[in-house]
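Taking it in order: structure first as structure tokens, then the write-up.
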Amino acid sequence: MRVDEGFNVTYGRDIISGVPQQARNTLVVTMEDVWPLVKDVFEKGVKRVHFVTTLEVGALDEFVSTLEGIDSVVGVGGGSVMDVAKYVAWKRQIPLHQIPSIISVNACFTHMVAIRDKGRVKYVGDAVPEMVYVDYSLIQKAPPRLNRAGLGDIFSCHTGLFDWRIADKAGKEPGWDQALASQTREVLNTVRARAGEVRDVSEEGIQTIMEAHRWVGAMCHKYGHPRFEEGSEHHFAYNLEFVTGKHVLHGELVCLGIFLMSTLQGNDPEGALRTIREAGVVIEPESLGITWDEMKTTLLTLRDYVGAEGLPYTVIHEKPIDEAFVETVKRRLAQV
4 MRVDEGFNVT
14 YGRDIISGVP
24 QQARNTLVVT
34 MEDVWPLVKD
44 VFEKGVKRVH
54 FVTTLEVGAL
64 DEFVSTLEGI
74 DSVVGVGGGS
84 VMDVAKYVAW
94 KRQIPLHQIP
104 SIISVNACFT
114 HMVAIRDKGR
124 VKYVGDAVPE
134 MVYVDYSLIQ
144 KAPPRLNRAG
154 LGDIFSCHTG
164 LFDWRIADKA
174 GKEPGWDQAL
184 ASQTREVLNT
194 VRARAGEVRD
204 VSEEGIQTIM
214 EAHRWVGAMC
224 HKYGHPRFEE
234 GSEHHFAYNL
244 EFVTGKHVLH
254 GELVCLGIFL
264 MSTLQGNDPE
274 GALRTIREAG
284 VVIEPESLGI
294 TWDEMKTTLL
304 TLRDYVGAEG
314 LPYTVIHEKP
324 IDEAFVETVK
334 RRLAQV
């Protein structure tokens, strides 16, 4: 896997002490459970520490308005932290450094910020970090389940490419690009071949996921769209959060969506399920804190949600989801 362009990244063990800080003028954006792991590195060199509790745009704007005197921001944590750090850097136009503590999403390698506006996902902004620090020691301290979930925003290429092809045949923009599709399949195959390393959260597994995240981020920016890696599987995830009001680990929820939507697509759902399970990603709804009543509501309202939100054209526009489909996927997920 080769990344010809994209964000600067450095890999290693115990490397976060090398993150630049502007003496007493740095904001660290993190989470309460992550801060103890890095407190000794940053505590004496920062002006303020912010623990992320929300991605709602109103609350974020109110927070940013209190940041006079801050001249750099460091994000240390997962996807929500990466997004808030990007939002601050974009709004204040200050340098940004990102330190993922888990590899569950690609937020540290994307330009835009996935905020929430009254519970709905909106993408805004443009922020590129000076450097992304992938510290194996820090990442391996997290529960393995959180890191295995990193498969989601990469393996979504399996359903994303299929949806993009459907959209192209229906005359929807952007049009199909064979070169990008071929590159995407190469990255997808590399990650699938290393599913065991992902499960083990080995250094190879961490770097495989992060380089794939980096490539996806670079291609989204280069081509100006995410059609090759985001489709009906993400639409399912967005609707489930909207229907239930629950926050489910993004990568696990997307992997559940990949199985569901590949089933709807007729796109090798058994192969998709096999890779997900080889990587150790949890997707059984009960284990995610989701009831089957909530699943049923989410699936049966999915087409209406996609239409109301104006989401891109996918298999959801072409194939109906009924109660028989819900029962089919429920039985399959119950099988060991």
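Residue numbers (this note's numbering): 4 to 339.
The beta carbon of each residue, even a glycine, is placed where N, CA and C say it ideally should be.
From a predicted model like this one, the values you see are computed outputs, not experimental measurements.
Is the closest heavy atom of the ligand ATP to the C-beta of residue 132 under 6 Å?
-> Absence of the ligand ATP from the depicted structure is noted, as is the absence of any ligand whatsoever, leaving it without description.
In terms of DSSP beta bridges, what is residue 75 paired with?
-> Here residue 75 is taken as the residue at index 72 of the sequence shown, counted from 1. Paired residues: 29.
Whole-Å CB distance - residue 116 paired with residue 102, under 8 Å assumed = If you number the sequence shown from 1, residue 116 lands on position 113. If you number the sequence shown from 1, residue 102 lands on position 99. In fact, because the Cβ distance is near 17 Å, the residues do not count as touching under 8 Å.
For residue 15, the residue or residues it bridges with in DSSP = Counting from one through the sequence shown, the residue named residue 15 turns up at place 12. Under the DSSP definition of a beta bridge, residue 15 partners with 138.
Pairwise C-alpha distance: residue 73 and residue 4 = Translated into positions along the sequence shown, residue 4 becomes position 1. Translated into positions along the sequence shown, residue 73 becomes position 70. Low confidence applies to residue 4: its pLDDT is 49, below 50, so where it sits in the model is not reliable enough to give any reading.
Does the separation of the CB atoms of residue 261 and residue 193 fall below 7 Å?
-> Taking the first residue of the sequence shown as 1, we reach residue 261 at position 258. Taking the first residue of the sequence shown as 1, we reach residue 193 at position 190. In this structure, residue 193 does not lie closer than 7 Å to residue 261 by Cβ.
Return the bridge partner residues of residue 51 from the DSSP annotation.
-> Along the sequence shown, read from residue 1 onward, the residue named residue 51 stands at position 48. Its beta-bridge partners are 30.
Roughly how far, in whole angstroms, is the beta-carbon of residue 93 from the beta-carbon of residue 62, given that I think they are within contact range, below 8 Å?
-> Counting from 1 along the sequence shown, the entry for residue 93 is found at position 90. Counting from 1 along the sequence shown, the entry for residue 62 is found at position 59. Actually they are not in contact, since the Cβ atoms of residue 93 and residue 62 sit about 16 Å apart, beyond 8 Å.
Just the C-alpha distance for residue 160 and residue 281, rounded to the nearest angstrom, thanks.
-> Your numbering for residue 160 matches position 157 in the sequence shown. Your numbering for residue 281 matches position 278 in the sequence shown. The alpha-carbon of residue 160 is positioned some 17 Å away from that of residue 281.
Spatial neighbours of residue 257 in its chain, beta-carbon cut-off 7 Å, leaving aside the 5 residues before and after = Locating residue 257 in the sequence shown gives position 254, where the first residue counts as 1. Counting only Cβ-Cβ distances below 7 Å, and skipping sequence neighbours, we find 155, 156, 159, 236, 237 and 240.
Would the beta-carbon of residue 301 fall within 7 Å of that of residue 251?
-> Position 298 of the sequence shown, counting from 1, holds the residue named residue 301. Position 248 of the sequence shown, counting from 1, holds the residue named residue 251. Between residue 301 and residue 251, the C-beta gap is not smaller than 7 Å, which leaves the two residues out of contact.
Counting Cβ pairs closer than 8 Å, one from the region 193–205 and one from the region 270–284, do we hit at least three?
-> By the Cβ test, the region 193–205 is in contact with the region 270–284, since at least three Cβ pairs between them sit closer than 8 Å.
Straight-line gap, residue 148 to residue 70 (C-alpha atoms, nearest Å) | Along the sequence shown, one-based indexing puts residue 148 at 145. Along the sequence shown, one-based indexing puts residue 70 at 67. C-alpha separation (whole angstroms): 34 Å.
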